[in-house]
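K.L.:
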Amino acid sequence: MPREFLQRRYHRGLLKAGHCYGPFMNPAHNIVLNTVWYDTMFPAEEEYSEVAMICSRTLVSTACRSLLGLVAYLRACFPTVSRQQAIRYLLLAEVNLQRAIEMAGQEGHAMKDKFDRGIGFKAAATAAHHPDRDALVNFYLSAFFGPLPLKACGSFDVQLLSLMLSQEPSTSPHCSFETVPVLTEGASRLLSNIKQDFEAEQNFICSKVNAALKKYTQRTKGPEYDLHVICGLNPYVIKSGVSPLHYGDSSCKIRYKSKYSHVNFLASPRGSHSSDTVIPTLFFAECCNDNDITDEPLCWPIMGHPGRCFHCEYEGVKVVHPESQKYHGRDIDFEEMACKSHSNGIVNEDLVSSGESVTYSVGISQEDCIYFDFRRDVKCANFLNAHARMLEQRHCF
């Protein structure tokens, strides 16, 4: 998706409904379609400022919901397919749902009687916690009469797609007529603090990333790069202290004494970001979190097999690391953990369970509230009101 469209408008739709199931065999095309459809059918009540950073935890949650949706579609189609089998088929099919269905049939699984695409899409949207399941399924069934093959569609013209979708019959919410609770004074203050914290973190990380890109150009003597979007962030690399709220009331949270951040971002050679033919490059950067330290943040393009990072795996953050470059969390922590001599007493089981608890969480988080819509977001409103009450009881407000 072109940078200007993602940063100015579609970041909200991507995080709320950018799932990879849909009428296309290509999951990336489904993500774009679902993102643009949601933004067009359910536009934001307020104008959001241009963003350069997509919330990492919300993006991971969206990806998890997508996977749950794909698995649910397969299992609705084949009652004898287990969750593990469904994931295996999707992995072998490279997340091509039609191919996964063919594989399941070839291995002897019988399709459910009277199964149709509507049943599958409804199961997928339900499992994925789509904000308006019924409206989405009705759109799929009315606009597309079967799976669209990979060769039938190239890159999307996002503006044209939005124009076409805007001419669809107006969509009213189907999923619930539940009234969105009014935010309490404390919840409104918490929401404001969450948004301010996100903006401050975005500005800080953007400055580090732009400095790293400048250094990369000097080091390689190559072209200058423009930031497309920051798509992965772990600000808690090498830390000590008590776990904080990521965003929220600054008087209550106790920040980790984190030394570094690990960042993934997409960037393109300067002047090429509006071209449909130039694919942005995925970079990794490690930068210092201390404003008082004048460091030279370094970044590298991701090539080959990704490396591992103890800190990012423990936090459940999906940051892709370079295969051969040096960064904190690559070697020593794993060696200490294997020898059961890690300074925090962490063993492999702790690493796996901690990461999974974040990765597979599909509940509401503070980051989700950045795009709070007072007309539709019942769960976000309940979360904010409950969280504000808890903070007030702890005398944090």
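Each step along the sequence shown adds one to the number in full-length UniProt numbering, with nothing skipped, and position 8 is 8. Every residue, glycine too, gets a C-beta built ideally from N, C-alpha and C. Just so we're clear, the structure is a prediction, and the values are computed from it rather than from any experiment.
1. Mind checking which residues open and close the beta strand (DSSP E) that includes I31?
2. Which ranges does the alpha helix (DSSP H) cover as unbroken runs of at least 4 residues, wholly within the segment 72-99, from first to last along the chain?
3. Tell me where the beta strand (DSSP E) around I238 begins and ends.
4. So, E367 versus T40, is the Cβ gap smaller than 7 Å?
5. Considering only the alpha carbon of each residue, which of L14, P43, F42 and E45 lies closest to N30?
6. Do R8 and E50 have their beta-carbon atoms positioned less than 7 Å apart in this structure?
7. Give me the Cα-Cα distance between Y48 and Y236, rounded to the nearest whole angstrom.
8. Just grab the DSSP bridge partners of P269 for me.
9. What three-state label does DSSP hand F115 in the structure shown?
10. Does DSSP put V182 in a helix, in a strand, or in coil?
11. Is N234 closer than 7 Å to V320 when the C-beta atoms are compared?
12. Give the DSSP bridge partners of V263, in chain order.
13. Thinking just about the alpha-carbon of each residue, which of V263, D157 and L227 is nearest to the one in P269?
14. With distances taken from CA atoms, which of L298, A44 and E313 is nearest N210?
15. Compute the distance between the beta-carbons of G222 and A127, then report whether it is under 7 Å.
16. Can you give me the Cβ contacts of Y140 inside the same chain, cut-off strictly under 6 Å, excluding the 5 residues immediately before and after it?
17. Taking the beta strand (DSSP E) that C299 belongs to, which residues open and close that run?
18. Which residue from I54, P27, H11 and N26 puts its Cα closest to that of Y38?
19. May I have the straight-line CA-CA distance separating E315 from C55, to the nearest angstrom?
20. Counting only C-beta atoms, is L15 closer than 7 Å to chain D at any point?
21. Between which two residues does the alpha helix (DSSP H) containing D373 stretch?
22. Measuring alpha carbon to alpha carbon, tell me which of K208, V229, S188 and S258 ends up nearest L384.
23. Straight-line CA distance for N289 to K259?
24. Which residue or residues does DSSP assign as beta-bridge partners of G307?
25. Within 10 angstroms of the Cβ of G108, are there 16 or more other Cβ atoms? Answer buried if so, exposed if not.
26. Do F334 and F310 count as a contact pair if the criterion is CB distance below 7 Å?
27. Going by DSSP, what residues sit across from M53 in a beta bridge?
28. If you count every other CB in all the chains shown that lies within 10 Å of the CB of G232, and 16 or more means buried, which is it?
29. Do I230 and H328 have their C-beta atoms within less than 7 Å of each other?
30. Answer with buried or exposed for S243, where buried requires no fewer than 16 other C-beta atoms within 10 angstroms of its C-beta.
31. State the Cα-Cα distance for the pair N193 and T35, rounded to the nearest angstrom.
32. So the candidates are Y225, I279, I302 and M303; which of them puts its Cα closest to the Cα of G271?
33. Below 8 Å on the Cβ atoms is my contact criterion, and I expect L191 with F372 to pass it. Report the Cβ-Cβ distance as a whole number of Å.
34. Which of the three DSSP states is assigned to A44 in this structure?
35. Leaving out the 5 sequence neighbours to the left and right, which residues in its chain are closer than 6 Å to E323 when beta-carbon positions are compared?
P.N.:
According to the data block:
1. Per DSSP, I31 belongs to no beta strand (DSSP E); it is in the alpha helix (DSSP H), P27 to M41.
2. 83-92
3. Note, I238: premise wrong, no beta strand (DSSP E); not H, not E.
4. no
5. L14
6. yes
7. 27 Å
8. Y225
9. coil
10. coil
11. no
12. L233 and A285
13. L227
14. L298
15. no
16. P23 and F121
17. L298 to P301
18. H11
19. 14 Å
20. As a matter of chain content, chain D is missing from the structure shown, which is built from one protein chain.
21. First-last for D373: undefined, no H or E at that position.
22. S188
23. 5 Å
24. H321
25. exposed
26. yes
27. I230
28. buried
29. no
30. Because the pLDDT at S243 is just 46, under 50, the model does not fix this residue reliably, and the value given afterwards should be weighed accordingly. Exposed: under 16 other Cβ atoms inside 10 Å.
31. 27 Å
32. Y225
33. 6 Å
34. coil
35. G304, H305 and G307
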